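Chains as they are written, first to last, in the working numbering: chain A, 3 to 133; chain B, 3 to 133. Using N, Cα and C, we set each Cβ at its ideal position, and we do this for glycine too. Everything numeric in this text was worked out from a predicted model, so none of it was measured.
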């Protein structure tokens, strides 16, 4: 099945090992054997993951036969971010509504307290002074 | 294969029809038949996509037997955004570097122009007045 570029990116990101590889590459470029070490994975397994990330445009690999460093391509993630952008409004709106609601609650509490203290004050005044 | 929650989300988003369904639901909740109409898809096909989105936590569905409205869950996308956040620095850094480089170029151009105009000015002064 041939996917559109954005779907290919999402599919490539749908794997914790590939996301861990990206996180490692965010620190700087490196090659397959260095990438394989912390994952306790075979070189072919890591190579396969790198191929998926590369076809998705999320990484780029050097062409040197011996040392083919993999490098992260942040622009590809920016595309994912661009897609998310249209939904950001939704959770921000929701947060704003929650915020407004909390402020209403707080305002209500304050108003209640004010009324209470005013009443207490008034009743203290009405109370005849003890001696 | 059972995926971690973030992988499940990415996998669910790796399909243009499911992303289109999300875009429709961002406008407001609706049910399967209304969702199916613009896609020229069978109801079972749409239901299947909704199931994938629901297991990923990206939508929620009402429990009413007749009208089971689907609703987008923006919080789930916020989680994807949170993951992206750590990489934002990378493309922003790259943009900042490009910006700094362009400014250096511009500054260089301006300096050159200044020197040129100063030289032109100086040579005009040195040039003996005609006539």
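Work out the CA separation of residue j and residue i for me, nearest whole Å.
i: residue 45 of chain B; j: residue 62 of chain A; result: 41 Å
i: residue 104 of chain A; j: residue 98 of chain A; result: 10 Å
i: residue 94 of chain B; j: residue 64 of chain B; result: 41 Å
i: residue 116 of chain A; j: residue 90 of chain B; result: 47 Å
i: residue 75 of chain A; j: residue 109 of chain B; result: 29 Å
i: residue 77 of chain B; j: residue 102 of chain A; result: 18 Å
i: residue 26 of chain B; j: residue 81 of chain B; result: 20 Å
i: residue 131 of chain B; j: residue 112 of chain B; result: In this prediction, residue 131 of chain B has a pLDDT of 48, which is less than 50 and means its spatial position is unreliable; what the coordinates show is noted afterwards. Distance between the alpha carbons of residue 131 of chain B and residue 112 of chain B is about 29 Å.
i: residue 16 of chain B; j: residue 43 of chain A; result: 26 Å
i: residue 41 of chain A; j: residue 83 of chain A; result: 27 Å
i: residue 36 of chain B; j: residue 68 of chain B; result: 13 Å
i: residue 12 of chain A; j: residue 4 of chain B; result: 17 Å
Relative to the alpha-carbon of residue i, which residue among the options has its alpha-carbon at the smallest distance?
i: residue 57 of chain B; options: B:108, B:107, B:8 and B:110; result: B:8
i: residue 29 of chain B; options: A:77, A:92 and A:40; result: A:92
i: residue 79 of chain A; options: A:6, A:4, A:38 and A:24; result: A:24
i: residue 66 of chain B; options: B:32, B:83, B:41 and B:21; result: B:32
i: residue 60 of chain A; options: A:106, A:20 and A:107; result: A:20
i: residue 88 of chain B; options: A:4, A:114 and A:22; result: A:22
i: residue 10 of chain B; options: A:18, A:68 and A:114; result: A:18
Whose C-beta lies closer than 8 Å to the C-beta of residue i among residues of the same chain, with five residues either side of it excluded?
i: residue 34 of chain B; result: 45, 48, 49, 52, 70 and 72
i: residue 85 of chain B; result: 8
i: residue 114 of chain B; result: none
Enumerate in chain order the residues of its own chain whose CB-to-CB distance from residue i is below 6 Å, with the five nearest sequence positions on each side excluded.
i: residue 54 of chain B; result: 14
i: residue 38 of chain A; result: 45 and 48
i: residue 6 of chain B; result: none
i: residue 133 of chain B; result: Annotation note: pLDDT 42 at residue 133 of chain B (below 50); position unreliable, no value reported.
Which residues in the same chain have their Cβ closer than 7 Å to the Cβ of residue i, if we skip the five residues on either side of it in sequence?
i: residue 107 of chain A; result: none
Complete runs of the alpha helix (DSSP H) confined to the region 9-96 of chain A [at least 4 residues]: 18-27, 34-41 and 45-57
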